[in-house]
């Protein structure tokens with residue numbers, strides 16, 4: 008059954024429940040759209056890009072996604088999308104190619120991929136030769152199980168904010184954000200704690216003792232709030248809030264440039280109770296799985312957006328304090344590590360100082376590319392194709408790592424970090440972790456692992472083997 012266009016997440020879910028195939032079309036997805044994204048066969052957005060939230064979430068789900076199709080106009084009122092004089096109405100058929108970013112009118116013949124026995128043989132050969140470990144980016148049990156079937160050796164990035172978008176907990180998240188004092192935030196966080204603990208228990212079980220890197224809450228808080236009068240009214244009604252109050256709070260949290268705003272470790276420093284709740288959920292979940300299975304999990308807690316050593320010192324102290332409280336309550340301990348995501352040029356330039364308080368570095372090359380180039384990954388699609396066409400850039404830097412600029416910072420941070428701490432674990436968790444050319448660079452720099460979306464794990468395993476063989480050949484030449 009060819010997929011038909013729908014313009015709302017609720018309709019995508021209801022039609023999918025009836026056995027219909029749908030493609031969800033949105034200008035820009037909001038937290039309320041997650042259930043529709045799961046139900047859809049594919050996702051099309053007119054804003055965003057290869058590493059936008061919608062694209063990353065879709066990739067983890069194994070859904071084709073064309074994000075940032077700026078040449079397409081979506082009209083929710085008329086229930087149409089249009090481009091080049093062509094108009095597609097709700098219920099009509101389109102086909103997406105998530106690899107090339109193409110959108111086709113009508114149904115295009117497709118073929119399901121087949122994983123034969125030869126695939127397992129090839130992967131076995133690759134594993135014999137590769138040096139780099141291959142982990143996955145995963146937040147849900149389905150993502151984690153899929154990645155394990157493809158041979159992932161742990162989780163290199165668990166984006167906890169994706170867990171907060173779940174319909175069962177978004178209400179408590181919004182209560183936390185709308186609270187005007189610490190007491191109100193803590194009351195809401197108490198509601199979230201059981202959910203977070205169960206989240207981590209599920210991931211620790213699936214990974215069965217393999218390392219799990221958990222990034223604490225990163226995005227600006229306003230991302231969790233509704234946008235537009237209709238969404239605000241709906242959420243206010245569900246929460247029993249005055250829409251005017253909710254609208255004012257949304258306005259208070261709005262930022263001119265949220266990517267460089269109140270997010271990452273800045274949230275943990277201004278609202279430490281958020282990171283306290285997440286740390287407690289991690290340690291309680293890990294201890295529960297250790298008692299249940301006899302295989303103690305290996306939690307690696309990652310602090311995002313650190314650019315100053317003192318930021319990591321403060322947030323690390325918060326986590327260590329919670330760890331001691333949980334261990335004292337349980338009468339048991341377990342090993343854990345605390346590190347940071349290197350995603351700011353300043354972090355790379357001062358990596359020797361940051362390594363004094365970090366057990367590991369994970370290069371968040373999605374944001375490091377943004378901050379190095381001064382590009383927005385959600386907006387660059389409007390002009391980046393012209394840069395590629397005119398040869399200003401040889402490749403899209405959000406697809407293949409820019410070795411000259413971004414790569415130079417990765418190399419510098421690796422060298423400076425290991426000068427301070429020789430055993431410093433180094434990995435990459437941006438979407439470049441599934442790109443073969445970028446993986447070759449990771450091998451050259453001497454990173455320990457790459458992490459990528461579940462469905463890219465086999466590609467990463469093969470690319471890691473090719474990179475290792477290429478490096479060995481260069482040494483003997």
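Residue numbers (this note's numbering): 8 to 484. Don't be surprised by glycine CBs; every beta carbon is placed ideally from N, CA and C. Bear in mind the structure is a predicted one, so any value in this text is a computation, not a measurement.
Practice item. Would you decide whether residue 8 is buried or exposed? Buried here means 16 or more other CB atoms lie within 10 Å of its CB. Key: Translated into the one-based positions of the chain shown, residue 8 becomes position 1. Its Cβ having fewer than 16 others within 10 Å, residue 8 is exposed.
Practice item. Kindly confirm or deny that the stretch 216-230 and the stretch 238-248 touch, where touching means at least three C-beta pairs closer than 8 Å. Key: no
Check your understanding: Where residue 254 and residue 187 are concerned, what is the direct C-alpha to C-alpha distance, given to the nearest angstrom?
Key -> By 1-based counting over the chain shown, the position of residue 254 is 247. By 1-based counting over the chain shown, the position of residue 187 is 180. Near 14 Å, if we compare the C-alpha coordinates of residue 187 and residue 254.
**Study point:** residue 94 versus residue 296: straight-line alpha-carbon distance, rounded
**Key:** Taking the first residue of the chain shown as 1, we reach residue 94 at position 87. Taking the first residue of the chain shown as 1, we reach residue 296 at position 289. Roughly 53 Å separates the two Cα atoms.
Exercise for review: Could you please give the first and the last residue of the uninterrupted alpha helix (DSSP H) stretch that includes residue 331?
Suggested key: Stepping through the chain shown from its first residue, residue 331 is reached at position 324. Residues 316-337.
Practice item. Apply the 10 Å Cβ neighbour rule to residue 251 and answer buried if 16 or more other Cβ atoms are within range, or exposed otherwise. Key: Your numbering for residue 251 matches position 244 in the chain shown. Residue 251 should be labelled exposed.
Practice item. Taking only the alpha-carbon atoms, compute the straight-line gap between residue 466 and residue 154 and give it to the nearest angstrom. Key: In the chain shown, residue 466 corresponds to position 459, counting from 1. In the chain shown, residue 154 corresponds to position 147, counting from 1. For residue 466 and residue 154, the distance between alpha carbons rounds to 12 Å.
Practice item. Would you mind stating whether residue 151 and residue 224 have Cβ atoms separated by less than 8 Å? Key: Here residue 151 refers to the residue found at position 144 when the chain shown is read from its first residue. Here residue 224 refers to the residue found at position 217 when the chain shown is read from its first residue. Their beta carbons are not under 8 Å apart, which means residue 151 does not touch residue 224 by this criterion.
Point to revise | Sequence-distant residues of the same chain with beta carbon closer than 6 Å to residue 133, five excluded per side | key: Taking the first residue of the chain shown as position 1, residue 133 is located at position 126. So the list reads 468, 469 and 472, once near-sequence residues are dropped.
Exercise for review: Please go through the stretch 226-302 and give each complete alpha helix (DSSP H) segment of 4 or more residues, from N-terminal end onward.
Suggested key: 236-246, 250-260, 272-277 and 279-300
Check your understanding: What do you get for residue 106, buried or exposed, if any count of 16 or more other CB atoms within 10 angstroms of its CB means buried?
Key -> Walking along the chain shown from the start, residue 106 turns up at place 99. So residue 106 ends up on the exposed side.
Check your understanding: In terms of alpha-carbon separation, which member of 136, 366 and 348 lies closest to residue 428?
Key -> Stepping through the chain shown from its first residue, residue 428 is reached at position 421. The shortest Cα separation from residue 428 among 136, 366 and 348 belongs to 366.
Check your understanding: Got a sec? Which residues, its chain only, sit under 7 Å from residue 426 by beta carbon, not counting five neighbours each side?
Key -> In the chain shown, the residue the question calls residue 426 occupies position 419. Answer for residue 426: 359, listed in chain order.
Check your understanding: So, residue 88 versus residue 29, is the Cβ gap smaller than 8 Å?
Key -> On the chain shown, position 81 is the one that residue 88 refers to. On the chain shown, position 22 is the one that residue 29 refers to. Against a cut-off of 8 Å, the Cβ pair of residue 29 and residue 88 comes out as no contact.
Practice item. Under 8 Å by Cβ, that's how I've got residue 348 and residue 311 pegged, so tell me the actual separation to the nearest angstrom. Key: Translated into positions along the chain shown, residue 348 becomes position 341. Translated into positions along the chain shown, residue 311 becomes position 304. About 5 Å; that satisfies the 8 Å criterion.
Practice item. Tell whether a beta-carbon distance below 8 Å holds between residue 43 and residue 82. Key: The count along the chain shown starts at 1 and reaches residue 43 at position 36. The count along the chain shown starts at 1 and reaches residue 82 at position 75. Going by C-beta atoms, residue 43 is not nearer than 8 Å to residue 82.
**Study point:** residue 458 in three-state terms, based on DSSP
**Key:** Translated into positions along the chain shown, residue 458 becomes position 451. Of the three classes helix, strand and coil, the one that applies to residue 458 here is strand, per DSSP.
Practice item. Specify whether the stretch 395-404 and the stretch 328-335 touch according to this definition: at least 3 beta carbon pairs, one from each stretch, less than 8 Å apart. Key: no
Practice item. With distances taken Cα to Cα, identify the nearest neighbour of residue 402 among 234, 436, 245 and 445. Key: One-based indexing of the chain shown puts residue 402 at position 395. With distances taken between Cα atoms, residue 402 lies closest to 445.
Practice item. Measuring alpha carbon to alpha carbon, tell me which of 432, 256, 421 and 117 ends up nearest residue 455. Key: Mapped onto the chain shown, residue 455 falls at position 448. It is 432 whose Cα lies nearest to the Cα of residue 455.
Exercise for review: Take residue 323 as the anchor and find which of 51, 117, 273 and 292 has the nearest alpha-carbon.
Suggested key: The residue you call residue 323 lines up with position 316 of the chain shown. Residue 273 is the option with its Cα nearest to residue 323.
Review point. Around the Cβ of residue 125, are there at least 16 other Cβ atoms within 10 angstroms (buried) or fewer (exposed)?
Key: By one-based count along the chain shown, residue 125 stands at place 118. Burial call: exposed.
Exercise for review: Return the CA-CA distance between residue 160 and residue 249, expressed in angstroms with no decimal places.
Suggested key: Along the chain shown, read from residue 1 onward, the residue named residue 160 stands at position 153. Along the chain shown, read from residue 1 onward, the residue named residue 249 stands at position 242. Those two C-alpha atoms are separated by around 48 Å.
Practice item. Within the same chain, show all residues whose beta-carbon is closer than 8 Å to that of residue 148, passing over the 5 residues directly before and after it, in chain order. Key: On the chain shown, position 141 is the one that residue 148 refers to. Cβ neighbours of residue 148 beyond the five flanking positions: 209, 210 and 213.
**Study point:** Collapsed DSSP secondary structure at residue 44 in the structure displayed
**Key:** As a working mapping, residue 44 is identified with position 37 in the chain shown. Of the three classes helix, strand and coil, the one that applies to residue 44 here is helix, per DSSP.
Review point. Which value, in whole angstroms, describes the spacing of the CA atoms of residue 329 and residue 131?
Key: As a working note, residue 329 is residue 322 in the chain shown. As a working note, residue 131 is residue 124 in the chain shown. Taking the straight line joining both Cα atoms gives about 42 Å.
Practice item. Flag this pair as yes or no: are the beta carbons of residue 189 and residue 280 separated by less than 8 Å? Key: To locate residue 189, count along the chain shown from 1; it is residue 182. To locate residue 280, count along the chain shown from 1; it is residue 273. A contact, by the Cβ cut-off of 8 Å.
Review point. Going straight from the alpha carbon of residue 53 to that of residue 109, what length do you get?
Key: Residue mapping note: residue 53 aligns to position 46 of the chain shown, counting from 1. Residue mapping note: residue 109 aligns to position 102 of the chain shown, counting from 1. For residue 53 and residue 109, the distance between alpha carbons rounds to 13 Å.
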